[in-house]
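Just so we're aligned: the sequence shown equals residues 1 to 429 in our numbering. C-beta: ideal position from N, C-alpha, C; glycine also. Only a predicted model underlies this, so the values are computations on that prediction, with no experimental measurement involved. What follows is a single structure, written as structure tokens, with notes after it.
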Amino acid sequence: MTSFCHPGYFDAGLADVDPEIHAALAAEEDRQRDGVELIASENIVSRATLEALGTAMVNKTVEGYPGRRYYGGAEHADMIEQIAIDRAKALFACDYANVQPHSGSQANLAVFLAFLKPGDTVLSMSLSEGGHLSHGSTANLTGKWFNIIHYGVREDDGFIDTDQVQVLAEKHQPKLIICGGSAYPRCIDFQAFRAVADSVDAILLADMAHFAGLVAGGAHSSPIPHAHVSTATTYKNLRGVRGGLILAGETSLERKLNSGVFPGVQGSVILNAVAAKAVCLGEALRPEFKAYAHNVLNNARVLAATLVDRGVDIVTGGTDTPLMLVDLRPKNLTGVVASDSLERAGLTCNKNGVPGDMQPPGITSGLRFGVSAGTTRGFGAQEFEIVGNLIADVLCGLEGKTADQGQLEGRVAAEVKAMTQRFPIYGTG
Ligand code: DSN
1 MTSFCHPGYF
11 DAGLADVDPE
21 IHAALAAEED
31 RQRDGVELIA
41 SENIVSRATL
51 EALGTAMVNK
61 TVEGYPGRRY
71 YGGAEHADMI
81 EQIAIDRAKA
91 LFACDYANVQ
101 PHSGSQANLA
111 VFLAFLKPGD
121 TVLSMSLSEG
131 GHLSHGSTAN
141 LTGKWFNIIH
151 YGVREDDGFI
161 DTDQVQVLAE
171 KHQPKLIICG
181 GSAYPRCIDF
191 QAFRAVADSV
201 DAILLADMAH
211 FAGLVAGGAH
221 SSPIPHAHVS
231 TATTYKNLRG
241 VRGGLILAGE
251 TSLERKLNSG
261 VFPGVQGSVI
271 LNAVAAKAVC
281 LGEALRPEFK
291 AYAHNVLNNA
301 RVLAATLVDR
311 GVDIVTGGTD
321 TPLMLVDLRP
331 KNLTGVVASD
341 SLERAGLTCN
351 KNGVPGDMQP
361 PGITSGLRFG
371 VSAGTTRGFG
381 AQEFEIVGNL
391 IADVLCGLEG
401 KTADQGQLEG
411 RVAAEVKAMT
421 QRFPIYGTG
């Protein structure tokens, strides 16, 4: 029999076929197991989600929507996508869901395409005050092709000022208003945003990427009854595969939104990701996910309060979401120096601009922390108090309060490893 593949093509494992990639993947699993993950956009998916991603569905190509495909052999793909849609609608109590966006940015871009023409005006929160790249940053396509007006946060307390949003909306008459972002830690008044949008006849988009899991678990108010359209990612506190969702309370915008995704900004569907989205949405529909969501919120508040007690400045003084933002300016530290030191100590986070930051994005004056991944592996209030104190120790060291930062990082890394060993992931339990 002639084979057109290398020997073992269909059956040999990765370790034999590609030891280099296998070793890097194994090392990444070790890194995740041994460290404390504090990057707000990360989580730890279930074994079931990993399995759904690694199936023969990866071979299948479809375009279009269930029952209306441009390719044959789509019956199982249709079933999976329809299950994902139905679960998303049940989870978020809405009548419209699109599960195809490859990411949150793609979901947002599809909304732009559904409602706007190049040059139209959009009012959104600036990236530097907590918004998101895909909400009209000058570096992003949305910022290059649309007329973007930004609102920010109040200088004195770091909260959004919806009166400022109203003034800007009246002055600039946007067609689209966006609330939500990637580094805003507080509840957003969705009703007030909708009133602003209605007053200028704009569409309101709520990007709930950073709190969708809390909405799903009943630990945060939902934007869906207020916004015309909401977007989310599935991989942060929703605890699933990387990908995006578009949701709306009712179906009147279905045609526009569906064509915004396909054929607007995407071609074929990443079906193994849709299968994995269905799995995470199914997991989020279980009663235990409610407990998870409430634990995330509680843990975030414990971490923020611990940091504040240790003299670390938290923007807005606390959080209503899984994330918080540290302002390092009172400590005369930069985000890059602090995040590098924390990483050497086994605490992974990201440097982040803070409102009014004068440092460039590659340096920044802040850090962003999230608790979704730690909560998944079982950390509770006690562990997040320890984590908060370890972070504060590292920052104190950087301020020059400890003679040897390397030694301090080593001590913290050992404590981190001892703690994470008590909360194993993926088959090490
Ligand atoms: N939007 C980026 C973040 O918030 O980290 C990636 O999801």
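Relative to the ligand DSN, is the shortest distance from any of its heavy atoms to the C-beta of residue 41 smaller than 6 Å?
-> Start at 1 with the first residue of the sequence shown, and residue 41 comes out as number 41. Yes - the ligand DSN has a heavy atom lying nearer than 6 Å to the Cβ of residue 41.
Name the residue from 38, 50 and 181 whose alpha carbon lies nearest to the alpha carbon of residue 241.
-> In the sequence shown, the residue the question calls residue 241 occupies position 241. That would be 50, whose Cα lies nearest to the Cα of residue 241.
Looking at the unbroken alpha helix (DSSP H) that takes in residue 293, where does it start and where does it end?
-> Here residue 293 corresponds to residue number 293 of the sequence shown, with the count starting at 1. Taken as a continuous stretch (DSSP letters only), the alpha helix (DSSP H) holding residue 293 covers 287-309.
Using 10 angstroms around the beta-carbon of residue 9, count the other beta-carbons present and answer buried if the total reaches 16, otherwise exposed.
-> Sequence index remark: in the sequence shown, residue 9 carries index 9 (1-based). Its Cβ having fewer than 16 others within 10 Å, residue 9 is exposed.
Please determine if the segment 83-90 and the segment 108-119 are in contact, where contact requires at least 3 C-beta pairs separated by less than 8 Å.
-> no
Does the pairing of the segment 288-305 with the segment 114-121 give three or more beta-carbon distances under 8 Å?
-> no
Keeping to the same chain, check which residues put their C-beta closer than 6 Å to that of residue 378; ignore five residues upstream and five downstream.
-> As a first step, residue 378 must be located in the sequence shown, where it is residue number 378. Once the five neighbours on either side are set aside, the close Cβ partners of residue 378 are 423.
Any heavy atom of the ligand DSN within a distance shorter than 6 Å of the CB on residue 182?
-> Within the sequence shown, the letter at position 182 stands for residue 182. It does: the Cβ of residue 182 is within 6 Å (strictly closer) of some heavy atom of the ligand DSN.
Can you tell which of 324, 76 and 134 has the C-alpha that lies nearest to the C-alpha of residue 103?
-> Numbered from 1 along the sequence shown, position 103 holds the residue referred to as residue 103. Checked all of 324, 76 and 134; the closest Cα to residue 103 is 134.
Going by the beta-carbon positions, is the gap between residue 55 and residue 268 smaller than 7 Å?
-> Locating residue 55 in the sequence shown gives position 55, where the first residue counts as 1. Locating residue 268 in the sequence shown gives position 268, where the first residue counts as 1. Contact: no.
How many angstroms separate the CA atom of residue 295 from the CA atom of residue 408?
-> Translated into the one-based positions of the sequence shown, residue 295 becomes position 295. Translated into the one-based positions of the sequence shown, residue 408 becomes position 408. If I take the Cα positions, the gap works out to 30 Å.
Since I believe residue 270 is in contact with residue 257 (beta carbons under 8 Å), could you give me their beta-carbon distance rounded to a whole number of angstroms?
-> Against the sequence shown, residue 257 aligns to sequence position 257. Against the sequence shown, residue 270 aligns to sequence position 270. With 8 Å as the limit, residue 257 and residue 270 do not qualify as a contact, their Cβ atoms being about 18 Å apart.
Among 184, 179 and 345, the one whose alpha carbon lies nearest that of residue 202 | In the sequence shown, the residue the question calls residue 202 occupies position 202. Comparing Cα positions, the closest option is 179.
Can you grab the Cα-Cα spacing for the pair residue 366 / residue 156, in whole Å?
-> Here residue 366 corresponds to residue number 366 of the sequence shown, with the count starting at 1. Here residue 156 corresponds to residue number 156 of the sequence shown, with the count starting at 1. Answer to the nearest angstrom: the Cα atoms are 17 Å apart.
When the Cα atoms are used, what is the spatial distance from residue 310 to residue 351?
-> The sequence position of residue 310 within the sequence shown is 310, counting from 1. The sequence position of residue 351 within the sequence shown is 351, counting from 1. Roughly 20 Å between the two C-alpha positions.
Does the beta carbon of residue 80 fall short of 6 Å from some heavy atom of the ligand SAH?
-> By its list of ligands, the structure shown excludes the ligand SAH, since it contains just the ligand DSN.
Can you give me the Cβ contacts of residue 337 inside the same chain, cut-off strictly under 8 Å, excluding the 5 residues immediately before and after it?
-> On the sequence shown, position 337 is the one that residue 337 refers to. Same-chain partners within the cutoff: 398.
Could you tell me which residues DSSP puts in a beta bridge with residue 230?
-> Here residue 230 refers to the residue found at position 230 when the sequence shown is read from its first residue. Paired residues: 206 and 247.
Do residue 132 and residue 182 have their C-beta atoms within less than 7 Å of each other?
-> By 1-based counting over the sequence shown, the position of residue 132 is 132. By 1-based counting over the sequence shown, the position of residue 182 is 182. Result yes, Cβ atoms of residue 132 and residue 182 sit closer than 7 Å.
Under 7 Å, do residue 281 and residue 91 count as touching if we go by C-beta distance?
-> For the purposes of this step, residue 281 is taken as the residue at position 281 of the sequence shown. For the purposes of this step, residue 91 is taken as the residue at position 91 of the sequence shown. Their beta carbons are under 7 Å apart, which means residue 281 touches residue 91 by this criterion.
CB contact check: residue 360 to chain C, cutoff 7 Å | Absence of chain C from the displayed structure is noted, only one protein chain being present.
Counting along the chain, where does the beta strand (DSSP E) carrying residue 369 start and finish?
-> Working through the sequence shown from its first residue, we reach residue 369 at position 369. Note, residue 369: beta strand (DSSP E), 366-370.
Go to residue 326, then tell me how far its beta strand (DSSP E) extends in each direction, as first and last residue.
-> Looking up residue 326 in the sequence shown gives position 326. Here the beta strand (DSSP E) through residue 326 covers 323-327.
For residue 186, which option in 278, 221 and 381 has the closest C-alpha, if you only look at C-alpha atoms?
-> The residue you call residue 186 lines up with position 186 of the sequence shown. For the residues 278, 221 and 381, the minimum Cα distance to residue 186 belongs to 221.
For residue 14, does the count of other Cβ atoms within 10 angstroms reach 16, so buried, or fall short, so exposed?
-> Taking the first residue of the sequence shown as position 1, residue 14 is located at position 14. Its Cβ having fewer than 16 others within 10 Å, residue 14 is exposed.
Cβ of residue 174 within 7 Å of Cβ of residue 123?
-> By one-based count along the sequence shown, residue 174 stands at place 174. By one-based count along the sequence shown, residue 123 stands at place 123. Taking 7 Å as the Cβ cut-off, residue 174 and residue 123 qualify as a contacting pair.
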